[in-house]
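Each residue of the sequence shown is one higher than the one before, counting from 3 in the numbering used here.
Backbone N, C-alpha and C fix where the C-beta goes; we use that ideal spot for every residue, glycine too.
Treat the numbers as computed from the prediction; the structure is a model and nothing was measured.
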Amino acid sequence: MRTGICTTDFEIAGQTPLAADRLFGRMQELGFACTQFAFSSIRESEFTPTGRIEIPDRIPTAALDAAARCADRYAVPIEVINGTFNMAHPDGDVRREGIRRFALLTEAAEILGAKYISLCSGTRFEEHLWTYSPENHTAAAWNDMLDTIKRAVELAERRGIVLAIESEAANIIDTPENARRVMDEVGSDCLKMILDCANLFHVGRAHPEYVQETIGHAFELFGEDIVIAHGKDIREGDGIDFCGTGRGIVDFAFTAQMLKKYGYAGDMFLHGIYDENDMPFALAHWTAAEKSAE
Numbered sequence: 003m004r005t006g007i008c009t010t011d012f013e014i015a016g017q018t019p020l021a022a023d024r025l026f027g028r029m030q031e032l033g034f035a036c037t038q039f040a041f042s043s044i045r046e047s048e049f050t051p052t053g054r055i056e057i058p059d060r061i062p063t064a065a066l067d068a069a070a071r072c073a074d075r076y077a078v079p080i081e082v083i084n085g086t087f088n089m090a091h092p093d094g095d096v097r098r099e100g101i102r103r104f105a106l107l108t109e110a111a112e113i114l115g116a117k118y119i120s121l122c123s124g125t126r127f128e129e130h131l132w133t134y135s136p137e138n139h140t141a142a143a144w145n146d147m148l149d150t151i152k153r154a155v156e157l158a159e160r161r162g163i164v165l166a167i168e169s170e171a172a173n174i175i176d177t178p179e180n181a182r183r184v185m186d187e188v189g190s191d192c193l194k195m196i197l198d199c200a201n202l203f204h205v206g207r208a209h210p211e212y213v214q215e216t217i218g219h220a221f222e223l224f225g226e227d228i229v230i231a232h233g234k235d236i237r238e239g240d241g242i243d244f245c246g247t248g249r250g251i252v253d254f255a256f257t258a259q260m261l262k263k264y265g266y267a268g269d270m271f272l273h274g275i276y277d278e279n280d281m282p283f284a285l286a287h288w289t290a291a292e293k294s295a296e
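If you want it as structure tokens, here you go:
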């Protein structure tokens with residue numbers, strides 16, 4: 003299993019994104035072997051994500067060329083591309099615009115040789131796709147999300163790209179049960195799962211005594227459908243406080259054992275670090291955890 007990183011971990015709020023050459027060069031220097039790539043992470047894209055849609059409204063040729071060239075030059079292939087937008091937004095125009103941009107992204111993914119595009123199931127909160135709304139549990143929210151995912155799957159199927167969604171407490175898909183449900187209702191081999199253990203915890207559950215139970219339950223419900231693994235962590239507490247790999251309570255040795263047990267054949271993408279100085283520690287922590295599962 004190769005260890006990669008999400009390029010969004012190099013994005014610093016309020017600062018101009020790195021040039022592609024610098025971004026990919028830095029990933030290589032830090033020892034990462036592959037990446038989950040977001041167009042917002044490179045200057046050449048001329049794009050700043052909004053709280054509703056994190057896909058560019060256009061993808062400049064210069065951005066595509068730079069990403070492809072640098073991935074090859076620094077031997078850090080793009081395996082996953084971020085395709086996140088609010089798939090349950092209450093405004094249908096936002097969902098339709100997300101799908102329009104998503105179609106452009108599938109073309110870009112094919113050009114860059116990415117196997118997967120990541121999704122966000124979304125929320126009824128209008129301003130930010132990762133923020134909870136009590137309306138998330140309504141039938142209307144589920145149906146809007148489901149219809150949007152089906153449209154995205156149709157676009158992906160045409161290009162042989164697999165889409166991956168995750169369970170996230172603030173979103174419509176907020177439990178392993180709902181993750182299983184959406185895959186069953188869509189009924190396509192082009193919709194699979196991201197395992198992000200930190201995202202499995204709900205308020206009041208981020209405590210060591212619940213860790214293996216929480217992670218193990220997710221594997222029971224969708225373990226064989228995992229195509230992407232994220233290495234984000236979560237601090238102990240009654241709230242939800244994410245942190246870099248190895249700085250919280252996620253049992254990465256147990257996670258590595260479970261990935262092996264369920265025949266996971268993909269890569270591990272570290273995530274949630276947002277500090278280059280902490281990335282060597284995160285990489286070493288995951289490497290040790292993986293070795294313990296051998």
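Take the alpha-carbon of A64 and the one of S47: they are about 8 Å apart.
Looking at the backbone, the Cα of C36 and that of Y134 are separated by about 31 Å. Per DSSP, reduced to three states, the secondary structure at D235 is strand. Membership of Q38 in the beta strand (DSSP E) is indicated by the continuous run 37 to 39.
The Cβ atoms of I174 and S123 sit closer than 7 Å to each other. In this structure, DSSP gives C245 an extended state, which the three-state scheme calls strand. Counting along the chain, C72 sits inside the alpha helix (DSSP H) bounded by residues 63 to 75. The straight-line gap separating the alpha-carbon atoms of I236 and G248 is approximately 9 Å. Of the candidates I251, E278, E112, E296, the residue whose Cα lies closest to the Cα of E31 is E278.
If you draw a straight line from the Cα of Y264 to the Cα of F39, it is about 26 Å long. In the DSSP annotation of this structure, the continuous segment of the beta strand (DSSP E) that includes E81 starts and ends at 80 to 84. For F271, the uninterrupted beta strand (DSSP E) segment begins and ends at 270 to 272.
Just measuring C-alpha positions, the residue of A70, V252, N138 sitting nearest F26 is A70. Beta-carbon to beta-carbon, A110 and I83 are separated by about 7 Å, close enough to satisfy the 8 Å threshold.
Here K194 carries a strand assignment [DSSP, helix/strand/coil]. For R182, the CB contacts under 6 Å within the same chain, skipping 5 residues up- and downstream, are L223, F224 in chain order. Per the coordinates, the alpha-carbon of F127 lies some 26 Å from the alpha-carbon of T108. Judged by their CB atoms, H219 and F271 are not nearer to each other than the 7 Å cut-off.
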